[in-house]
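Numbering (this note's numbering), first residue to last: 481 to 673.
The C-beta atom is built at its ideal place from N, Cα and C for all residues, glycine as well.
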Amino acid sequence: MKAPLLPTCWESGTDLRMGGMWVACLLLLAAVGLHAQPAPSLEDRVKAVFLFNFTQFVAWPEQAFPAAEAPLVIGVLGENPFGTYLREVVTGETMGSHPIVVEHYREGKDLKPCHILFVSAGNTHRLPEILQECQEKGILTVGDAPAFLAMGGMIRLYRQAGKIRLQINPERTRAAGLTLSAKLLRLADLSVP
């Protein structure tokens, strides 16, 4: 009886093992690539730092926190331009006795109680209704869409002359029961759309 014809790599096993290692490496790289997020732009990193700084320059009413050590939640609605950077910025930080945490909500229906809500420019579906609900609940709303304040937002972040600037509607923040520090108000363009 004749021996079966086998490829030479099967006879030695070396080439087969090497091929298997290459396949495993490619699968590993593909899996890592699926979870990797692009690094946020410098502009988005600056916006993330602004969101953290708002926790130091805004006062919420006592009832905004169900317990003395309940977290202060920064929510991001829709596309998350910050990647993991915002979480890295707030890790280990507090506002008084409140640890600061970040939550991401894909859609308006996913919203849970938070203290600051950032809405990226591309997320305008049902935005006026969402912003009205946030104002009624004492949530500071921040966005970067050109018409964000006109739709009912409180603070708009925008780029001018290479810098990130603030546009604030103080009437809306007051109506939400929020108190903005004088330092924050001095940095901003005050606007009532």
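Taking a C-beta distance under 8 Å as the contact criterion, G555 and I596 qualify as a contact pair.
The three-state reading of DSSP puts F598 in strand, counting E and B together. Cβ contact annotation for A656 (same chain, cutoff 6 Å, sequence separation greater than five): Q615 and G618, in chain order.
In the DSSP annotation of this structure, the continuous segment of the alpha helix (DSSP H) that includes L667 starts and ends at A662 to L667. Annotation for L531: I554, L566, I596, F598 and V622 place their beta carbon closer than 7 Å to its own, counting only its chain and skipping 5 residues before and after. Linking I644 to S600 through their CA atoms gives a straight-line distance of about 15 Å.
Residue burial is scored here from C-beta neighbours: R652 has at least 16 other C-beta atoms within 10 angstroms and is therefore classed as buried. For the options M634, E559, T659 and Q640, the alpha carbon positioned closest to that of L670 is the one of M634.
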